[in-house]
Amino acid sequence: MSPANRSTEDSDIGRSSAMSALGNLFLEHRPRLWKLICYRMHGLLMRRVDPDDVLQEVFLAASQRFEHYQNSHYASPFLWLRDVSLQTLHNTHRFHLTTRQRDATREDHGRHPESRAVESWDRLVASLTSPSQRAIRSETMTAIRESLTQLSETDQEIIALRHFEELTNAETAQVLGMEPKASSIRYIRALDRLRSIVEQQIPPDSTFM
């Protein structure tokens with residue numbers, strides 16, 4: 012075998028090995044990536060694109076960038092895949108909701124544009140209440156939802172990262188550019204503020220956990 016052919020074969024083997032490694036990483040982290048896509052996907056887009064289709068695009072994008080990842084600053088493969096997922100989702104939003112905004116709006120029929128995110132927050136709010144409070148009236152839940160704007164953007168994001176995307180504290184700290192200890196403290200305080208908001212809306216004859 013000539014040196015040129017040997018070099019080509021070695022390159023092919025290396026490429027195959029890299030794709031196998033990427034495939035294993037993607038399978039390992041796919042459940043969390045799926046939750047990320049579902050939470051971050053615009054409500055209008057949910058009517059046009061399946062999250063699984065977005066994940067397929069994420070894998071294709073990751074396969075094209077895998078060599079760059081191996082020389083990158085990411086603390087974990089998941090955080091790299093998360094960034095690839097966010098960029099892919101951004102491109103999907105731009106294609107479907109910018110160039111086709113008018114048609115997508117017609118199809119919406121009044122559906123809240125961030126319904127999946129709203130559902131996620133509603134479930135979290137319910138988890139912070141006692142069993143006797145779980146059957147929260149719709150108007151009370153609406154009031155709680157509106158009151159969530161009292162949380163800072165960082166508080167909302169840190170709760171979303173920990174609860175809806177299921178990031179670890181170390182991963183959350185890197186995403187937000189914080190030290191792990193500071194991230195942990197900020198998360199606990201954000202949850203305390205959220206509990207306080209919920210407590211203000213719960214009927215006074217109920218006992219908050």
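Residue numbering for the sequence shown is 12 to 220, as defined by our numbering. C-beta: ideal position from N, C-alpha, C; glycine also.
Taking C-alpha positions only, ASN35 is separated from SER28 by approximately 11 Å. Around the beta-carbon of GLU182, 16 or more other beta-carbon atoms lie within 10 Å, marking it buried.
The Cβ atoms of SER131 and TYR80 do not sit closer than 7 Å to each other. One thing to note: VAL69 has its Cβ within 7 Å of the Cβ of THR99. Scanning its chain for C-beta atoms nearer than 8 Å, with the 5 sequence neighbours on each side dropped, one finds around ASN180 the residues ARG173, PRO191, SER194, SER195, TYR198, in chain order.
With a 10 Å radius around the Cβ and a threshold of 16 neighbouring Cβ atoms, PHE106 comes out exposed. Taking the Cα of TRP45 as reference, the smallest distance to any Cα among PHE89, ARG58, PHE77 is reached at PHE89. Within the model, the alpha-carbon separation for ARG43 versus VAL136 is close to 21 Å.
Under the DSSP assignment, MET57 falls in the alpha helix (DSSP H) whose first and last residues are 54-57.
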